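Reviewing the structure listed below.
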Amino acid sequence: MNTIGIWKPIDISDAELIRRYLAEQDQSCFTALYRRYAPKVFAKCCTMLGDEQFARDAVQDIFIKVALNLSKFNDKSSFSTWLYSVTYNFCIDIIRKRKKLTIIFDEDMSAYRGTADQEIADSVLLDLKYLDLERVLSLLPPGDRAILLMKYQDGMQIKEIAEQLGKTESAIKMQILRAKQKAESLKKPD
Amino acid sequence: MQKNSFIELQEALEARYEANFDPRNLMQLEQQVQTMHVFGQLAELFIPIAAGAAVTMATGSDVKVAPAHTDLPDFEWRYKTLKEETSQANHPRDRFQPLIPY
Chain A
9 MNTIGIWKPI
19 DISDAELIRR
29 YLAEQDQSCF
39 TALYRRYAPK
49 VFAKCCTMLG
59 DEQFARDAVQ
69 DIFIKVALNL
79 SKFNDKSSFS
89 TWLYSVTYNF
99 CIDIIRKRKK
109 LTIIFDEDMS
119 AYRGTADQEI
129 ADSVLLDLKY
139 LDLERVLSLL
149 PPGDRAILLM
159 KYQDGMQIKE
169 IAEQLGKTES
179 AIKMQILRAK
189 QKAESLKKPD
Chain B
17 MQKNSFIELQ
27 EALEARYEAN
37 FDPRNLMQLE
47 QQVQTMHVFG
57 QLAELFIPIA
67 AGAAVTMATG
77 SDVKVAPAHT
87 DLPDFEWRYK
97 TLKEETSQAN
107 HPRDRFQPLI
117 PY
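Here the protein sequences line up with chains A and B, keeping their order.
Take the position in the first sequence, starting the count at 1, then add 8; the result is the number in the numbering used here.
Take the position in the second sequence, starting the count at 1, then add 16; the result is the number in the numbering used here.
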């Protein structure tokens, strides 16, 4: 049933759109979700993949994945959190295949021992011009890129990131610290 | 969330997407999703049947076909009828003699 025109998808919550789509196979509900989130997914794909055309193709593939797996989505997290996690995983898979990388999220804590865990202020990244940030992020390893986007762009808590990536909170804290250190070293001097 | 360079970057890229938005992408996506749903429903209906047939062929023993979901209420009846017709066709009374007589 296509009810677009009677109700405005813009006024309806994500959860309600999903419920209607699953119950009635109402394509307009899926279209509304797409129009709501495709630009955000594209932005993340662009940052992660570093190529606009790849990012556009990735958006299509991600939304097909979403349509096929929407019934598996549970209300434990918000739809946006779930969608972004699908997006990051999808991009990381592409990067992994493209570069034949096996390690994306460096979990080798022994490598961190002996180096000074100097705390880096968030402002080092948050106060950059966005074009500088884009450049810095493009030079970081994909795992670091994803974690920084989750924390500073999506506003996710350490606990949420850890749950999404299946890692411990201390591992995530350590990786954020390392990513910030790397980002600072890549930043152009003021 | 307070505006920062990450949010600005996201907004700039979103604007780039909207500026180059091609409605054909959305139409293509809708078609793909609908096609996949049809395939999904067909698979739900026919995979158990195909699996049953494969087991029958491999082992020679009949297995009960139980589709997970079917809109054909007389499916089982049709299946039985087909089986009976097949076995009757092999009966010696038929004008075609079987290769191996009973």
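Every residue, glycine too, gets a C-beta built ideally from N, C-alpha and C.
In this text the structure is predicted, and so the values were computed from the model without any measurement.
Item                                                                                                                               : Value
N- and C-terminal bounds of the alpha helix (DSSP H) containing I26 (chain A)                                                      : 22-32
Under 7 angstroms by beta carbon: chain A residues contacting Q48 (chain B)                                                        : I72
For Y160 (chain A) and K188 (chain A), the rounded distance between their alpha carbons                                            : 11 angstroms
Simplified DSSP assignment, three categories, for G68 (chain B)                                                                    : helix
Per-residue DSSP class, three states only, for I184 (chain A)                                                                      : helix
Contact list for C287 (chain A) against chain B, beta-carbon separation under 7 angstroms                                          : Since the first residue shown for chain A is 9 and the last is 198, residue 287 (chain A) is missing from the structure and cannot be characterised.
Selection of the segment 51-74 of chain B by Cβ proximity to chain A, strictly under 9 angstroms                                   : M52, H53, G56
Cβ contact check for the segment 49-60 of chain A and the segment 24-33 of chain B: 3 or more pairs under 8 angstroms              : yes
Residue burial classification, R28 (chain A) (beta-carbon count within 10 angstroms, cutoff 16)                                    : buried
Chain B residues whose Cβ lies nearer than 8 angstroms to that of Q35 (chain A)                                                    : E46, V49, Q50
Where the alpha helix (DSSP H) through L57 (chain A) begins and ends                                                               : 35-57
Sequence-distant residues of the same chain with beta carbon closer than 7 angstroms to V78 (chain A), five excluded per side      : Note on identity: in this sequence residue 78 (chain A) is Leu, with Val being the wrong assignment. Answer for L78 (chain A): I26, Y29, L30, listed in chain order.
Euclidean distance between Cα positions of A170 (chain A) and F81 (chain A)                                                        : 18 angstroms
Straight-line gap, D38 (chain B) to E127 (chain A) (C-alpha atoms, nearest Å)                                                      : 44 angstroms
Residue range of the unbroken alpha helix (DSSP H) whose run includes D65 (chain A)                                                : 60-77
Close Cβ partners of S93 (chain A) (< 6 angstroms) along its chain, the five nearest in sequence each way excluded                 : Q172
For Q165 (chain A), three-class secondary structure by DSSP                                                                        : coil
Three-way DSSP call (helix, strand, coil) for F87 (chain A) in this model                                                          : helix
Reference R64 (chain A), options B:L25, B:L45, B:I23, closest by Cα                                                                : B:L45
CB contact flag (L139 (chain A), L133 (chain A), <8 angstroms)                                                                     : no
Residues, ordered as in the chain, of the segment 22-51 of chain A that lie near chain B by beta-carbon distance below 8 angstroms : Q33, Q35, F38, T39, Y42, R43, A46, P47, K48, F50, A51
Buried versus exposed, by CB contacts within 10 Å (16 or more), F87 (chain A)                                                      : buried
Local conformation of T75 (chain B) per DSSP, three classes                                                                        : helix
Inter-residue spacing [alpha-carbon to alpha-carbon] between R106 (chain A) and T75 (chain B)                                      : 44 angstroms
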